[in-house]
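Report on the structure given below.
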Amino acid sequence: MSNEWPLWEVFIRGQHGLSHRHVGSLHAPDADMAIKNARDVYTRRNEGVSIWVVEARHIAATAPGDKGPLFEPSESKVYRHPTFFDIPDEVGHM
Amino acid sequence: MYAQMIKTARSGVKTREEMTEQERAFQDKIDADIKIEPRDWMPDDYRATLIRQIGQHAHSEVVGQLPEGNWITRAPTLERKAILLAKVQDEAGHGLYLYSAAETLGESRDELVRLLHEGRMKYSSIFNYPTLNWADIGAVGWLVDGAAIVNQVALQRTSYGPYARAMVRICKEESFHARQGYHAMMKMALGSPEQRKMAQDALNRLWFPAMMMFGPHDSESTHSEQSMAWKIKVKSNDELRQQFVDQTIPQIEYLGLELPEPGIKWNEDRGHYDFSDPDWSEFMDVLRGNGPCNVDRMNARRKAWDDGEWVRDGLLEHARKKAARAVAAE
Ligand SMILES: [Fe+2]
Ligand SMILES: [Fe+2]
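Residue numbers (our numbering), protein chains in the order written: chain A, 1 to 94; chain B, 95 to 424.
As structure tokens, this is what we get:
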């Protein structure tokens, strides 16, 4: 009989106004407890100012096998980068 | 180490010719230091070995709270008490990070805990030794966490992504553990003659058990070859042990304590300290369950699990009811 608490993924915003970042996981019976536990485990040394928790089963993800078709096409599109364009020095900073 | 004598499901390493196409691609990724992530393809033995190793490591973090927890209420000052409490709380977190890493391989935390409680999984031999007095608490932070750091720093480069990332987090916290232990030892070793005697005694008693943490000699550890090829293990037992001895001897000297055993001598040719073997039959005996505290540790773990059951179940039931009410209200 499984009475295991569900798994939650924890995201923390650091001190510097950055986006929330995945820091780890934990088990908790509900969202409130997940946040309390995340606070106790993942912000013990001033690591954050805000916490998100998401139950792990709600996260959709790409499959490792799709890596090629999804991400390789952008490799050849060098013109999407500013360094692709040679702008003469006389123009000044751009 | 925190994971000792981990058996790989198979012995010997497959040659490239013996590997399937998939296995070859997997080994190439490992050789190129590309991390393996949870949903990537991996050989069954890689997965099984990792679950055993990470699981045992997690159990060690949790059981490791017991010898130190024993002294929280008897710490000599309020400050030492707060420090020790924080340290022991960190270890609970380490257990969590590691169980989480094991769970990404498809084994639930409750299942790992069940295997431990049924005696089918182990934890590090070191935690079957008692902490008899306050000096032992200093010595544990200094030597046991010190030895753990040597191992865990190496494991930051392990091939499995979630395990490596858990190690990075853990290592950040471990240096606090070692330093607070050494600081407590400094107080004792540089204190009154009685304190100094206690510090020396703690060092003497814990030295060999700390040596044993790294596991048997490389020549005896038959299963590590595959683990090294897969970078589940990054450095060999003997390499790690030597590194620990070399870094610890100067620390002993600074404390002005005597070396814990007569075999420790600087070897000019090797550029390393020589040292004596621990009693390997004692090590094997402790692993078999006959150390001074094996029974106590397992009883304490099972009791904590059983006593907590009504809380776990009650909170889950409450969460279910709350969710059902929220749905009904919509
Ligand atoms: Fe730890
Ligand atoms: Fe520690």
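Beta carbons are placed, not taken as given, at the ideal position from N, Cα and C, and that holds for glycine. Bear in mind that the values here come from a model prediction, so they are computed numbers and not experimental data.
Report the rounded CA-to-CA distance for B:Q121 versus A:G68, giving the unit in angstroms.
Taking the first residue of the second sequence as position 1, residue 121 of chain B is located at position 27. Taking the first residue of the first sequence as position 1, residue 68 of chain A is located at position 68. The alpha-carbon atoms of B:Q121 and A:G68 are separated by roughly 19 angstroms.
Scan the region 215–246 of chain B for residues whose Cβ lies nearer than 9 angstroms to a Cβ of chain A and list them as they occur along the chain.
Contact annotation: in the region 215–246 of chain B, no residue has its CB less than 9 angstroms from a CB in chain A.
When you compare the CB positions of A:E120 and A:A61, do they come within less than 8 angstroms of one another, or not?
Since the displayed chain A opens at 1 and closes at 94, residue 120 of chain A lies outside it and no answer follows.
Can you pull out the residues from the region 56–67 of chain A whose beta carbon lies closer than 8 angstroms to at least one beta carbon of chain B?
A61, A63 and P64
Would B:G365 be called buried (16 or more neighbouring beta carbons within 10 Å of its own) or exposed?
The residue you call residue 365 of chain B lines up with position 271 of the second sequence. With fewer than 16 other Cβ atoms within 10 Å, it is exposed.
B:K329 (DSSP reduced to helix, strand or coil):
Working through the second sequence from its first residue, we reach residue 329 of chain B at position 235. In the structure shown, B:K329 adopts coil according to DSSP, grouped into three states.
What is the DSSP secondary structure of A:W52, reduced to helix, strand or coil?
Taking the first residue of the first sequence as 1, we reach residue 52 of chain A at position 52. DSSP places A:W52 in strand when its eight states are reduced to three.
Near ligand 1: B:A152 beta-carbon under 7 angstroms from a heavy atom:
Looking up residue 152 of chain B in the second sequence gives position 58. Checking every heavy atom of ligand 1 against the Cβ of B:A152, none is found closer than 7 angstroms.
If you measure beta-carbon to beta-carbon, which residues of the region 392–419 of chain B are closer than 8 angstroms to chain A?
R406, D407, L409, L410, H412, A413, K416 and A417
Whole-angstrom distance between B:V238 and B:V220, CA atom to CA atom:
What you label residue 220 of chain B is simply residue 126 of the second sequence in a count that begins at 1. What you label residue 238 of chain B is simply residue 144 of the second sequence in a count that begins at 1. Residue 220 of chain B is actually Ile in this sequence, not Val. It is roughly 8 angstroms from the alpha-carbon of B:I220 to the alpha-carbon of B:V238.
Confirm, please, whether the CB-CB distance from B:L144 to B:L190 is below 8 angstroms.
Start at 1 with the first residue of the second sequence, and residue 190 of chain B comes out as number 96. Start at 1 with the first residue of the second sequence, and residue 144 of chain B comes out as number 50. No, Cβ-Cβ distance for B:L190 and B:L144 is not below 8 angstroms.
Straight-line CA distance for B:R290 to B:M280?
Taking the first residue of the second sequence as 1, we reach residue 290 of chain B at position 196. Taking the first residue of the second sequence as 1, we reach residue 280 of chain B at position 186. Going by the C-alpha atoms only, they are around 9 angstroms apart.
Any heavy atom of ligand 2 closer than 7 angstroms to the CB of B:D239?
Numbered from 1 along the second sequence, position 145 holds the residue referred to as residue 239 of chain B. Yes, the beta carbon of B:D239 sits closer than 7 angstroms to at least one heavy atom of ligand 2.
So does B:D184 have its beta carbon nearer than 7 angstroms to some heavy atom of ligand 2?
Locating residue 184 of chain B in the second sequence gives position 90, counting from the first residue. Yes, since a heavy atom of ligand 2 falls inside the 7 angstroms radius drawn around the Cβ of B:D184.
Sequence-distant residues of the same chain with beta carbon closer than 8 angstroms to B:Q150, five excluded per side:
Position 56 of the second sequence, counted from the start, is the residue given in the question as residue 150 of chain B. Cβ within range, chain order: Y96, A97, Q98, I100, M215, K216, Y217 and S218.
Stretch pair the region 235–255 of chain B + the region 315–330 of chain B: three plus CB contacts closer than 8 angstroms
yes
Spatial neighbours of B:G213 within its chain, please: CB distance less than 8 angstroms, with the 5 preceding and 5 following residues excluded, ordered by chain position.
The residue given as residue 213 of chain B occupies position 119 in the second sequence. Only G383 and M392 meet the Cβ criterion.
Starting from the C-beta of B:N361, find all residues in its chain whose C-beta is less than 6 angstroms away, skip the five residues before and the five after it, and write them out in chain order.
Position 267 of the second sequence holds residue 361 of chain B. Closer than 6 angstroms at the Cβ level, and outside the excluded window around B:N361, lie D368.
Strictly under 8 angstroms for the Cβ-Cβ distance: is B:L190 near chain A by that measure?
As a first step, residue 190 of chain B is located in the second sequence; it is residue number 96 there, counting from the start. Output row for B:L190: interface = yes.
If the criterion is Cβ atoms closer than 8 angstroms, does the pair B:A233 and B:L297 meet it?
For the purposes of this step, residue 233 of chain B is taken as residue 139 along the second sequence, with counting starting at 1. For the purposes of this step, residue 297 of chain B is taken as residue 203 along the second sequence, with counting starting at 1. Annotated as proximal: B:A233 and B:L297, with beta-carbon spacing under 8 angstroms.
What's the call for B:A152, buried or exposed, on a 16-neighbour Cβ count within 10 Å?
Position 58 of the second sequence, counted from the first residue, corresponds to residue 152 of chain B. Residue burial is scored here from C-beta neighbours: B:A152 has at least 16 other C-beta atoms within 10 angstroms and is therefore classed as buried.
Quick check on the burial criterion: 16 or more other C-beta atoms within 10 angstroms. Buried or exposed for B:P372?
Walking along the second sequence from the start, residue 372 of chain B turns up at place 278. B:P372 is buried by the Cβ-count criterion.
Would you please state the rounded distance, in angstroms, between the beta carbons of B:F338 and B:G240? I believe it to be under 8 angstroms.
Here residue 338 of chain B corresponds to residue number 244 of the second sequence, with the count starting at 1. Here residue 240 of chain B corresponds to residue number 146 of the second sequence, with the count starting at 1. Right, their Cβ atoms sit about 7 angstroms apart.
B:F302: which of B:Y223, B:A126 and B:W404 sits nearest, CA to CA?
Against the second sequence, residue 302 of chain B aligns to sequence position 208. Per the Cα distances, B:Y223.
Could you tell me whether any non-hydrogen atom of ligand 2 is closer than 7 angstroms to the CB of B:E112?
As a working note, residue 112 of chain B is residue 18 in the second sequence. B:E112: no, Cβ never under 7 angstroms from ligand 2.
Is B:E426 near ligand 1, in the sense that its beta carbon is under 7 angstroms from a heavy atom of that ligand?
For residue 426 of chain B there is no data in the structure shown, the boundaries of chain B being 95 and 424.
May I ask you to check if the CB of B:E268 is nearer than 7 angstroms to at least one heavy atom of ligand 1?
For the purposes of this step, residue 268 of chain B is identified with residue 174 of the second sequence, where counting begins at 1. B:E268: yes, Cβ under 7 angstroms from ligand 1.
Where B:Q345 and B:W404 are concerned, what is the direct C-alpha to C-alpha distance, given to the nearest angstrom?
Position 251 of the second sequence, counted from the start, is the residue given in the question as residue 345 of chain B. Position 310 of the second sequence, counted from the start, is the residue given in the question as residue 404 of chain B. Cα-Cα distance, rounded: 47 angstroms.
Which of the three DSSP states is assigned to B:L410 in this structure?
What you label residue 410 of chain B is simply residue 316 of the second sequence in a count that begins at 1. It is helical.
Could you check the C-alpha separation between B:D138 and A:V54 for me, to the nearest Å?
Numbered from its first residue, the second sequence carries residue 138 of chain B at position 44. Numbered from its first residue, the first sequence carries residue 54 of chain A at position 54. Straight-line spacing of the CA atoms in B:D138 and A:V54 works out to 30 angstroms.
Quick check: the Cα distance between B:G187 and A:V41, rounded to an integer number of angstroms?
On the second sequence, position 93 is the one that residue 187 of chain B refers to. On the first sequence, position 41 is the one that residue 41 of chain A refers to. Cα to Cα, the separation comes out at about 6 angstroms.
Bridge partners - B:W360, DSSP secondary structure assignment
Reading the second sequence from its first residue, position 266 is the one you call residue 360 of chain B. Bridge partners of B:W360: B:Y367.
If we count Cβ pairs, one from each stretch, closer than 8 angstroms, do we get three or more for the region 347–357 of chain B versus the region 152–165 of chain B?
As far as the Cβ criterion goes, the region 347–357 of chain B does not touch the region 152–165 of chain B, which means the pair count is below three.
Using a C-beta cutoff of 8 angstroms, does A:R29 count as contacting chain B?
Position 29 of the first sequence, counting from 1, holds the residue named residue 29 of chain A. Checking the displayed sequence, the identity of residue 29 of chain A turns out to be Pro instead of Arg. Judged by the 8 angstroms Cβ criterion, A:P29 is in contact with chain B.
Are the CB atoms of B:S269 and B:I243 nearer to each other than 8 angstroms?
Your numbering for residue 269 of chain B matches position 175 in the second sequence. Your numbering for residue 243 of chain B matches position 149 in the second sequence. In contact: B:S269 and B:I243 (Cβ atoms closer than 8 angstroms).
Which residues does DSSP list as the beta-bridge partners of A:V10?
Taking the first sequence and counting its residues from 1, the one referred to as residue 10 of chain A is at position 10. BP columns for A:V10 point to A:G24 and A:V53.
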